[in-house]
Amino acid sequence: MNWFELITLHSPPLIVAVPLLTAFLTPLVSKINEIVRNLFVLIMLCITGLLVLILGYDVLTNGIRTYVFGGGAPLPSGMNIPVRIMFEIDSMTIFMVIITIILAIICILYSWSFMKDQDGLDKYYTIILLLVTSIFGMELTGDLFNFFVFLEISCITSCALIAFYVHKKESLDAAFKYIVISSIGALFILFAIGLLYAQYNALNMATIANAIQFTFFDKIVLVLLVTGLAMKSGLAPMHMWLPDAYSSSPASVTFILVGATLAGLYGGLRVIFTIYGNQLLNTGFTFYPGLLIGIIITTLGVLSIFIGVFMALKRSDFKKMIAYTAVAEIGYMFLAIGSYLIGLALSVPDNPQMLVAGTYALKGGLFHILNDALDIGLLFLVAGAVYYATKQTSLNSLGGLARNMKYTTIFFLIGLLAVSGMPPMNGFASKLLIYQSTYQISPILSIIAIICSIMLLAVFVKVFQSIFLGPEIPSLKNVKEVPKSMLAAMALVACIIIFIGLFPNIIIDNLVTPAAEALQNTTSYISTIVGGA
Amino acid sequence: MTMIFNIPFIAVVAMIFIGLYAVLFKRNLVKMVIGISIIESGVNLFLITLGYREGGVVPIFTSAPSEVVKNAPGSMVLPVPQALTLTSIVIGVAVLALMLSLIMHIYEHYGTLDVRKIRGPEE
Chain R
1 MNWFELITLH SPPLIVAVPL LTAFLTPLVS KINEIVRNLF VLIMLCITGL LVLILGYDVL
61 TNGIRTYVFG GGAPLPSGMN IPVRIMFEID SMTIFMVIIT IILAIICILY SWSFMKDQDG
121 LDKYYTIILL LVTSIFGMEL TGDLFNFFVF LEISCITSCA LIAFYVHKKE SLDAAFKYIV
181 ISSIGALFIL FAIGLLYAQY NALNMATIAN AIQFTFFDKI VLVLLVTGLA MKSGLAPMHM
241 WLPDAYSSSP ASVTFILVGA TLAGLYGGLR VIFTIYGNQL LNTGFTFYPG LLIGIIITTL
301 GVLSIFIGVF MALKRSDFKK MIAYTAVAEI GYMFLAIGSY LIGLALSVPD NPQMLVAGTY
361 ALKGGLFHIL NDALDIGLLF LVAGAVYYAT KQTSLNSLGG LARNMKYTTI FFLIGLLAVS
421 GMPPMNGFAS KLLIYQSTYQ ISPILSIIAI ICSIMLLAVF VKVFQSIFLG PEIPSLKNVK
481 EVPKSMLAAM ALVACIIIFI GLFPNIIIDN LVTPAAEALQ NTTSYISTIV GGA
Chain E
1 MTMIFNIPFI AVVAMIFIGL YAVLFKRNLV KMVIGISIIE SGVNLFLITL GYREGGVVPI
61 FTSAPSEVVK NAPGSMVLPV PQALTLTSIV IGVAVLALML SLIMHIYEHY GTLDVRKIRG
121 PEE
């Protein structure tokens with residue numbers, strides 16, 4: 001076995017282990033000096049990125065990979081259910097892990113100058129790396145309790161990062177709101193895991209998915225798990241922590257928080273499509289469970305879009321507006337996922353074109369996960385840059401910044417067009433998929449989606465006009481362009497956005513379609529562990 | 001008789017609802033944290049109750065009674081729920097500490113722990 005095969009074999013635990021070790025080495029390294037520390041973190045994350053690429057290539061060519069801790073096989077002799085902790089990696093996991101590592105590297109790059117003047121930076125980097133570790137863990141794991149542990153790590157670290165500006169009232173307020181909601185959500189999830197363990201004696205997702213009967217308790221578990229994870233991902237009725245948390249934390253933190261939110265969404269997808277995947281078309285009821293789940297998720301998604309857009313319209317704080325837009329964007333993803341479930345349920349007797357439409361919706365939704373992370377992320381980075389240069393976030397006290405901050409203006413324009421789904425940016429590609437497919441499910445959905453997208457454009461044109469254009473404000477006369485590392489981070493995101501916008505097929509064919517197929521194909525996920533079942 | 005064995009589960013549900021009540025309706029931040037703590041204890045109690053097997057033996061091979069090792073190795077209990085509970089307790093302590101430290105900072109800024117007075121002027 002040569003070294004490359006060895007790295008490929010052990011890449012799943014290394015992807016979690018490298019950031020984890022880096023996190024605790026960072027305080028030591030930062031004793032040397034700041035530049036060494038920043039370089040150290042950046043290089044270690046790049047190594048993690050390399051591991052992600054190796055693992056991704058392997059999974060996309062050779063199919064689902066498992067990694068069992070403490071032994072080669074999932075079953076010790078004499079046991080008939082997997083008791084060991086294991087990672088299970090399919091194309092969906094790879095898709096999310098790639099998004100996370102992009103966010104993490106750009107976040108560190110941006111922090112280089114953005115956070116320069118702050119105290120306690122060695123701890124800041126430690127917590128950022130722990131958050132990255134926990135997101136990776138949530139995405140890679142194939143074990144429910146392991147998922148819960150990583151979820152709690154991400155709750156604790158996110159809360160600490162949201163409260164980074166500990167001298168500001170709003171940050172403390174937002175952090176407390178966040179930790180209350182996310183710890184209740186996590187306790188719901190733990191309770192649900194206990195219920196599943198009581199019935200099936202297993203914690204392994206594939207084993208539970210294989211054994212699940214959709215009993216009364218399983219319905220409770222489904223409700224608890226989806227509620228808990230929707231709290232974490234900021235779906236409409238549980239969204240109130242998200243705008244506060246996003247807008248009152250430093251921009252670099254918000255950028256990685258988007259990743260943590262999306263990991264919650266990923267958990268929801270795993271629950272619905274893997275654990276309950278074979279029960280979506282259970283015929284023991286008056287209508288399919290998949291249809292009911294789909295309708296509920298779609299309704300909540302539409303509600304999120306409405307709330308996000310309307311609250312963004314009436315805000316005058318730049319970062320709050322972007323944060324509410326993030327709620328709307330989460331709504332688009334849930335709308336697409338719900339549409340897939342409805343399409344799946346409607347297709348069953350003899351209506352295969354509904355399934356085709358649903359599949360397109362699912363692809364659009366997954367593609368939108370990537371695009372949302374980049375678009376919203378870029379807007380937050382620009383908001384951070386504006387704050388860095390002017391120390392202002394209110395629209396009323398800003399104006400005419402385009403004169404002094406050309407590059408930031410261009411990046412904001414790119415982010416604006418991408419978020420509101422204008423060609424040739426990446427948001428257009430995924431939103432078009434969602435519009436087309438939801439139109440076939442129900443025209444009303446796509447009309448709402450398009451109208452809200454146009455209103456997002458209105459929101460951001462207003463922001464653009466009042467921040468970057470207009471007369472010069474005397475107090476902002478000496479504003480300078482932000483430092484190079486922030487520009488480099490924003491340029492990197494902008495380049496990815498334009499690249500995806502120009503060549504969406506490359507991403508759809510190589511990443512999104514395998515991910516959608518992996519979600520739809522519950523059986524192969526199960527049979528990798530349980531074997532031939 | 002079966003009712004008696006259900007008492008722990010009834011206690012679990014009661015604790016979770018009491019905790020939720022405290023989080024939703026209490027105005028004092030510390031009381032909200034106490035509520036979360038009660039929910040957490042309820043969930044831990046649930047896990048422990050699941051792990052109880054009547055007549056089970058602690059799964060330490062060397063200290064088990066010899067007749068159990070010889071005749072009925074199946075009566076050793078798989079300690080997964082206990083392991084889960086320990087992990088969950090440790091996580092709970094971390095979350096509790098973090099929440100209380102946040103409350104300390106909030107009190108320094110606002111001079112009160114009443115939720116109604118803490119919300120920012122903008123909301």
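Protein sequences, first through last, are from chains R and E. Position one of the first sequence corresponds to residue 1 (our numbering), numbered consecutively onward. Position one of the second sequence corresponds to residue 1 (our numbering), numbered consecutively onward. The C-beta atom is built at its ideal place from N, Cα and C for all residues, glycine as well. On a predicted model such as this, the values are computed, not experimentally measured, just so you know.
Item	Value
Using Cβ-Cβ distances below 7 Å, what residues of the stretch 33-60 of chain E are close to chain R?	Ile36, Ile39, Glu40, Val43, Phe46, Leu47, Leu50
Leu84(E) touches chain R at which residues, Cβ-Cβ below 7 Å?	Phe145
DSSP on Phe285(R), reduced to helix/strand/coil?	coil
CA-CA distance, Val463(R) and Val166(R)?	28 Å
Straight-line CA distance for Ile256(R) to Leu102(E)?	21 Å
Quick one: which chain E residues come within Cβ less than 8 Å of Gly194(R)?	Val43, Phe46, Leu47, Leu50, Pro81, Leu84
Decide if Lys70(E) is buried, meaning its Cβ has at least 16 other Cβ atoms within 10 Å, or exposed.	exposed
Let me see if you follow: with CB-CB separation under 9 Å, is Ser63(E) close to chain R or not?	no
Note down the Cα distance separating Gly70(R) from Ser37(E), rounded to an integer number of angstroms.	34 Å
Considering only residues of the same chain and omitting the five flanking positions on each side of Asp117(R), which have a CB-CB separation below 8 Å?	none
Smallest Cα separation from Asp122(R): which of Ala23(R), Glu170(R), Thr48(R)?	Ala23(R)
Of the residues that make up the stretch 146-166 of chain R, which ones have a beta carbon closer than 9 Å to any beta carbon in chain E?	Phe148, Val149, Glu152, Ile153, Cys155, Ile156, Cys159, Ala160, Ala163, Val166
Got a sec: is the Cβ-Cβ distance from Val175(E) to anything in chain R below 9 Å?	A question about residue 175(E) goes unanswered here, because the residues of chain E that appear run from 1 up to 123.
Hey, could you find the ends of the beta strand (DSSP E) Tyr67(R) is sitting in?	65-68
Apart from the five residues on each side of it in sequence, which residues of its chain come closer than 6 Å, Cβ to Cβ, to Leu130(R)?	Ala23, Thr157
Give the interface partners of Ile337(R) over in chain E, defined as CB-CB distance under 8 Å, in chain order.	What Ile337(R) touches in chain E: nothing, since even the nearest Cβ is about 28 Å away.
Determine the contact status of Ala389(R) and Asn404(R), defining contact as a CB-CB distance below 9 Å.	yes
Is the CB-CB distance between Met92(R) and Tyr266(R) below 9 Å?	yes
Whose C-beta lies closer than 7 Å to the C-beta of Ala186(R) among residues of the same chain, with five residues either side of it excluded?	Phe148, Leu151, Glu152, Cys155, Gly228
Which partner residues does Val57(E) have in the DSSP bridge list?	Met76(E)
Give me, in chain order, the residues of the same chain whose beta-carbon lies closer than 6 Å to that of Glu40(E); leave out the 5 immediate sequence neighbours on both sides.	Gly92
Can a CB atom of chain E be found closer than 9 Å to the CB of Ala198(R)?	yes
Under DSSP, the alpha helix (DSSP H) around Glu139(R) begins and ends at which residues?	121-140
For Val258(R), would you say it is in contact with chain E, using Cβ-to-Cβ distances shorter than 9 Å as the test?	no
Could you tell me the boundaries of the beta strand (DSSP E) in which Met86(R) lies?	86-89
Please report whether the beta-carbon of Phe217(R) lies at a distance below 9 Å from any beta-carbon of chain E.	no
Can a CB atom of chain E be found closer than 9 Å to the CB of Ala533(R)?	Confidence at Ala533(R) is low in this model, with a pLDDT of 39, below 50, so the placement of that residue should be treated as unreliable; the coordinate-derived value is given next. Not closer than 9 Å to any Cβ of chain E, the Cβ of Ala533(R) fails to qualify, so no.
Tell me where the alpha helix (DSSP H) around Ile330(R) begins and ends.	318-346
Would you say Leu492(R) reaches chain E, if we count a Cβ-Cβ gap shorter than 9 Å as a contact?	no
Quick one: list the residues of chain E neighbouring Leu172(R), beta-carbon separation under 7 Å, in chain order.	Leu102, His105, Ile106, His109
Identify whether Asn204(R) lies in helix, strand or coil by the three-state DSSP scheme.	strand
Let me know the secondary structure DSSP gives Asn62(R) once reduced to three states.	helix
In terms of DSSP beta bridges, what is Asn28(E) paired with?	Asp114(E)
Our contact map puts Asn44(E) next to Thr85(E) with C-beta atoms below 8 Å; I'd like the distance itself, whole angstroms only.	5 Å
Which same chain residues, not among the five before or five after Pro121(E), have their C-beta less than 7 Å away from its C-beta?	Because Pro121(E) sits at a pLDDT of 48, beneath the cut-off of 50, its placement in the model cannot be relied upon, and the following sentence gives the value as read from the coordinates. Same-chain partners within the cutoff: there are none.
Would you say the beta carbon of Val132(R) is closer than 8 Å to some non-hydrogen atom of the ligand NAP?	In terms of ligand content, the structure shown is empty, and the ligand NAP therefore cannot be addressed.
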